[in-house]
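Encoded as structure tokens, the structure appears first; notes follow it.
In the working numbering, the protein residues as written are 1236 to 1466.
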């Protein structure tokens, strides 16, 4: 029986694309947090918003977030290289993936990019949702007041229909982000607490199930965000 042998190990292709892909996914997460914070600032301090978040500063902020994402992933982006090994079956040289200090670099990545920063983003988004929801509640109360009560000063919390639609969209995006990130955060914390909960540990199968659930939620988060912004 003949078996097909690929010219290049698929594990090499998977690994070389895996880390850049998650670098840009983390960058998209930073953008979501940045959007939530800016919208909170717009609602909480509307008079100072345009002076603070100018087009130039916003563009610079996006560039800084991209640079930060790449910088934080450098330990795992730069450790891999292509080497050569002799295949004992064919006696031919085949490409292999070589990684220096892989375990230590992956641990650093897990600690910083899968625990510290995601939890910081998670609680930041919760704060944004709480503030924006409170402002929506205030605006809805003002809309239900009679005209005389609005004239007495309650109208200061009023939001236009367009502003309310934008705030509702941002609240939805932030809420989706929170729910989608939760499985990944749980998996990352358990990996730190229990080293056996990993691809090469005793709980490999259980980890694989939760890792696929986490990945699915992450992909759904990115997809739903596009639909929300498009609408």
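Think of the CB as a built atom: it goes at the ideal place given N, C-alpha and C, for glycine as much as any other residue. Since the structure is predicted, the reported quantities are computational estimates derived from the model, not experimental observations.
Query raised in the report: With a cut-off of 8 angstroms, do at least 3 Cβ pairs link the segment 1296-1303 to the segment 1315-1335?
Result: no
Query raised in the report: In three-state DSSP terms, what is residue 1343?
Result: Within the chain shown, the letter at position 108 stands for residue 1343. It is helical.
Query raised in the report: On the three-state DSSP scale, how would you describe residue 1334?
Result: Mapped onto the chain shown, residue 1334 falls at position 99. Residue 1334: strand per DSSP, three-state reduction.
Query raised in the report: Hey, residue 1262 and residue 1304: beta-carbon distance below 8 angstroms or not?
Result: To locate residue 1262, count along the chain shown from 1; it is residue 27. To locate residue 1304, count along the chain shown from 1; it is residue 69. Result yes, Cβ atoms of residue 1262 and residue 1304 sit closer than 8 angstroms.
Report task. Grab the span of the alpha helix (DSSP H) containing residue 1284 for me, first residue to last. Result -> Your numbering for residue 1284 matches position 49 in the chain shown. From DSSP, the alpha helix (DSSP H) with residue 1284 extends over 1281-1287.
Query raised in the report: Rounded to a whole number of angstroms, what is the C-alpha to C-alpha distance between residue 1338 and residue 1458?
Result: As a working note, residue 1338 is residue 103 in the chain shown. As a working note, residue 1458 is residue 223 in the chain shown. Distance between the alpha carbons of residue 1338 and residue 1458 is about 32 angstroms.
Query raised in the report: Terminal residues of the continuous alpha helix (DSSP H) containing residue 1310?
Result: Here the question's residue 1310 lines up with position 75 in the chain shown. From DSSP, the alpha helix (DSSP H) with residue 1310 extends over 1290-1312.
Query - Cβ distance (whole Å) where residue 1408 is taken to contact residue 1371 below 8 angstroms - result: For this step, residue 1408 is matched to residue 173 along the chain shown. For this step, residue 1371 is matched to residue 136 along the chain shown. Not confirmed; about 14 angstroms, so no contact.
Query raised in the report: Per DSSP, residue 1320 forms a beta bridge with which residues?
Result: Here residue 1320 refers to the residue found at position 85 when the chain shown is read from its first residue. Note: residue 1320 sits in a beta bridge opposite 1329.
Query raised in the report: Would DSSP call residue 1432 helix, strand or coil?
Result: In the chain shown, the residue the question calls residue 1432 occupies position 197. Note: residue 1432 maps to coil in three-state DSSP.
Query raised in the report: Considering only residues of the same chain and omitting the five flanking positions on each side of residue 1277, which have a CB-CB separation below 6 angstroms?
Result: Translated into the one-based positions of the chain shown, residue 1277 becomes position 42. So the qualifying residues of the chain are 1284.
Query raised in the report: Who are the near neighbours of residue 1347 in its chain, counting only those whose CB is closer than 8 angstroms to its CB and skipping five residues on each side?
Result: The residue given as residue 1347 occupies position 112 in the chain shown. Contacts found: 1307.
Query raised in the report: Tell me the DSSP bridge mates of residue 1315?
Result: Counting from 1 along the chain shown, the entry for residue 1315 is found at position 80. Note: residue 1315 sits in a beta bridge opposite 1334.
Query raised in the report: Quick one: what does DSSP say residue 1438 is sitting in, helix, strand or coil?
Result: If you number the chain shown from 1, residue 1438 lands on position 203. Note: residue 1438 maps to coil in three-state DSSP.
**Report entry** Closest by C-alpha distance to residue 1445, when choosing among 1282, 1260, 1419, 1320
**Finding:** In the chain shown, residue 1445 corresponds to position 210, counting from 1. Per the Cα distances, 1419.
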